[in-house]
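If you're matching them up, the sequences are chains A and B in order. In terms of our numbering, the first sequence opens at residue 2 and continues consecutively. In terms of our numbering, the second sequence opens at residue 20 and continues consecutively. Cβ atoms here follow ideal geometry from the backbone N, Cα and C, with glycine treated the same way. Here is the structure we will look at, set down as structure tokens.
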Amino acid sequence: MGLLKNADGSAYINWGKNKIMAAVYGPKEVHPKHQVLPDRALLRTRYHMAPFSVDERKNPAPSRREIEISKVIREALVPAVTVEDYPRTAIEVWVEVLQSDGGSRVAGITAASLALADAGINMRDLVVGCSCGIIDSQVVADLDDTEDKEGSGDMPVAIMPNLNQVTLLQVDGMYSRADFQKAFELAIAKGKEVYGMQREALMKRFFEGQEAGMVEEESA
Amino acid sequence: MSMKKNYVVETIRKAQMVELLAKGRRVDERSPDEHRPLTIQTGVIQKANGSAIVTLGNTEVLAGVKVATGAPFPDTPDKGLLVVNAEILPLASPYAEPGPPSEEAIELARVVDRGVRESEMVDLTKLCIIEGKTVYTVFVDVNIMNVDGNLFDATSYAVVSALRTAKMKKYAVENDKVVVKDDVVPVPVEKTPVSVTMARIGDVLVVDPSSEEEAAMDMRITITTDDDGNVCASQKGEASTITPAHVLEAVDTSIRVGKAIRAQIIEATK
Numbered sequence: 002m003g004l005l006k007n008a009d010g011s012a013y014i015n016w017g018k019n020k021i022m023a024a025v026y027g028p029k030e031v032h033p034k035h036q037v038l039p040d041r042a043l044l045r046t047r048y049h050m051a052p053f054s055v056d057e058r059k060n061p062a063p064s065r066r067e068i069e070i071s072k073v074i075r076e077a078l079v080p081a082v083t084v085e086d087y088p089r090t091a092i093e094v095w096v097e098v099l100q101s102d103g104g105s106r107v108a109g110i111t112a113a114s115l116a117l118a119d120a121g122i123n124m125r126d127l128v129v130g131c132s133c134g135i136i137d138s139q140v141v142a143d144l145d146d147t148e149d150k151e152g153s154g155d156m157p158v159a160i161m162p163n164l165n166q167v168t169l170l171q172v173d174g175m176y177s178r179a180d181f182q183k184a185f186e187l188a189i190a191k192g193k194e195v196y197g198m199q200r201e202a203l204m205k206r207f208f209e210g211q212e213a214g215m216v217e218e219e220s221a
Numbered sequence: 020m021s022m023k024k025n026y027v028v029e030t031i032r033k034a035q036m037v038e039l040l041a042k043g044r045r046v047d048e049r050s051p052d053e054h055r056p057l058t059i060q061t062g063v064i065q066k067a068n069g070s071a072i073v074t075l076g077n078t079e080v081l082a083g084v085k086v087a088t089g090a091p092f093p094d095t096p097d098k099g100l101l102v103v104n105a106e107i108l109p110l111a112s113p114y115a116e117p118g119p120p121s122e123e124a125i126e127l128a129r130v131v132d133r134g135v136r137e138s139e140m141v142d143l144t145k146l147c148i149i150e151g152k153t154v155y156t157v158f159v160d161v162n163i164m165n166v167d168g169n170l171f172d173a174t175s176y177a178v179v180s181a182l183r184t185a186k187m188k189k190y191a192v193e194n195d196k197v198v199v200k201d202d203v204v205p206v207p208v209e210k211t212p213v214s215v216t217m218a219r220i221g222d223v224l225v226v227d228p229s230s231e232e233e234a235a236m237d238m239r240i241t242i243t244t245d246d247d248g249n250v251c252a253s254q255k256g257e258a259s260t261i262t263p264a265h266v267l268e269a270v271d272t273s274i275r276v277g278k279a280i281r282a283q284i285i286e287a288t289k
């Protein structure tokens, strides 16, 4: 966390071969002004993949997929931010995928919520994600690139772990009712595991050497 | 397209909706799991390979199928192409504007596309003419004609109905060349995916939200199921949350409500 000098907050995540940098700027003045929200902050997000992040060079112009993911990432983060604390301002969250390896949107969300915390934005909870899927009729967690392409389903889920709320859910594939529940519950459980690491990163950033006991105390 | 224009009215209406929903009622007298009247009319555009006009309450959408031939994707040389696209026309609502597709329209098209694709509604392997070289390309374009909430389901029903009635020219391979034949064959449709969208207003999930309910809703969830009750696509939308219990409730509601809608789509596209 805090790797980018200019950003108000930033976080970098290495998850499998995923390498993602998230940065937060704001709260700042809203431009253009007609976008101002009188009672809360406007959260802007962009999920973008570097041209070299995938096997075949990706056109750097935002694809329809990236536009949709930017939208769902925003909708996954807004519930965690107390936007009503920052009326008439903009908070910008930029998620840059440097290398993609399946589950990049949930990894991006995980990094972005840390970047928001790093920027000192008031939050109700962190947001953490994990995706699940189905390979050979087996429910599996955290698909990588090859598994995503060859498996028969992908289910990214993001949660606010302490509030027990789902903030992102997308499903494609073919799930029986039972498999759906299994995959969904596994994604939540795995998300909670990642949350432990998120907390550690946060503690390391803000309490290094001060209150080292806090992490153990919570998890005990 | 965002309908949230007037915060004051929204807040008052939402309070009223929450109060009514506590008694199991909605502002338009529907029960929470009741969708608005659905009508499906197929074969409305003669120049399209298949078409359908769907009305869901006052929401009206028109889907048209165009089939051509083209090159397959390099990673799926033996499969045809199926592309769903949607446009919210400026004539559909006072809030719609002409121009490049909005975020909402892109999400709409991609969620409907996912339901059709992942349910394996169309057997793409039957759309292959010469492996690696020529395949059928099936484009389903959706025009949103009038917006009154729940574009996701109306669009999905229109796309599925148009595809179920679509006929494409037959192509044959003669001396390694693709030749067009005079007769037509149906697009190889195997399944009937049905999307059911619910809005969470306060603590209650309501099926098929109207524009008025969408303006007041906390969040939206779409769940698409196939004929066997499998979940093939889902999408949560809007900047709020849903509990895990509500997600599972939404899946069960989608399977239950989807059955009658599927029967109606099949009947209308016989």
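Residue i to residue j span [Cα, whole Å]
i	j	result
Asp180(A)	Gly174(A)	11 Å
Phe158(B)	Tyr196(A)	42 Å
Leu143(B)	Glu137(B)	11 Å
Ser273(B)	Thr243(B)	7 Å
Leu182(B)	Val82(A)	43 Å
Ala202(A)	Gly103(A)	22 Å
Lys188(B)	Val141(B)	16 Å
Glu4(B)	Met2(A)	Coverage of chain B is limited to positions 20 through 289, which leaves residue 4(B) absent and any answer about it impossible.
Val63(B)	Ile72(B)	7 Å
Ile163(B)	Met156(A)	28 Å
Val178(B)	Ile240(B)	19 Å
Val204(B)	Ala82(B)	20 Å
Met236(B)	Gln36(A)	21 Å
Gly109(A)	Thr61(B)	43 Å
Ala91(A)	Leu44(A)	6 Å
Gln283(B)	Val141(A)	36 Å
Ile14(A)	Met217(B)	34 Å
Val37(B)	Ala234(B)	13 Å
Ser271(A)	Met22(A)	Chain A is shown from 2 up to 221; residue 271(A) falls before or after that span and cannot be answered.
Lys6(A)	Val96(A)	16 Å
Ala269(B)	Ile148(B)	40 Å
Gln100(A)	Asp201(B)	50 Å
Lys196(B)	Lys150(A)	32 Å
Phe208(A)	Glu53(B)	53 Å
Pro28(A)	Met161(A)	22 Å
Asn249(B)	Asp271(B)	11 Å
Ile285(B)	Val80(B)	18 Å
Ser180(B)	Leu57(B)	12 Å
Glu126(B)	Ala115(B)	15 Å
Val28(B)	Gln35(B)	11 Å
Contact under 8 Å by Cβ, residue i with residue j
i	j	result
Tyr48(A)	Ser71(A)	yes
Pro51(B)	Val213(B)	no
Leu170(A)	Val266(B)	yes
Ser229(B)	Gly43(B)	no
Lys145(B)	Pro207(B)	yes
Gly256(B)	Met238(B)	yes
Val103(B)	Ala128(B)	yes
Val94(A)	Thr168(A)	no
Glu76(A)	Ala258(B)	yes
Ala105(B)	Thr174(B)	yes
Asp9(A)	Tyr26(A)	yes
Leu170(B)	Val135(B)	no
Leu262(B)	Gln199(A)	The sequence as given places Thr at residue 262(B); Leu does not occur at that position. For Thr262(B) and Gln199(A), no; Cβs fall outside 8 Å.
Val172(A)	Ala264(B)	no
Gly99(B)	Val84(B)	no
Ile135(A)	Ser114(A)	no
Ile189(A)	Val158(A)	yes
Val130(B)	Gln254(B)	yes
Pro109(B)	Pro96(B)	no
8 Å Cβ cutoff, residue i in contact with chain D
i	result
Thr272(B)	Looking for chain D here will not work: the only protein chains present are A and B.
Coil, strand or helix - residue i by DSSP
i	result
Gly192(A)	helix
Ile64(B)	coil
His35(A)	helix
His265(B)	helix
Pro61(A)	coil
Gly256(B)	strand
Asp145(A)	coil
Lys42(B)	coil
At least 3 beta-carbon pairs within less than 8 Å: the stretch 82-99 of chain B vs the stretch 142-155 of chain B: yes
Every unbroken alpha helix (DSSP H) inside the stretch 214-240 of chain B [4 residues or more]: 230-235
Contact between the stretch 115-131 of chain A and the stretch 31-38 of chain A (3+ Cβ pairs under 8 Å): no
Stretch-stretch touch, CB-based, cutoff 8 Å, three pairs: the stretch 182-197 of chain A with the stretch 129-145 of chain A: yes
Segment contact flag, the stretch 183-190 of chain A with the stretch 49-57 of chain A, C-beta cutoff 8 Å, min 3 pairs: no
Completely contained beta strand (DSSP E) runs for the stretch 9-56 of chain A, where each covers 3 or more residues: 10-16, 19-30, 43-50
The stretch 62-80 of chain A in contact with the stretch 91-107 of chain A per 3-pair CB rule at 8 Å: yes
Length-filtered (4 minimum) alpha helix (DSSP H) runs lying within the stretch 88-153 of chain B: 122-137
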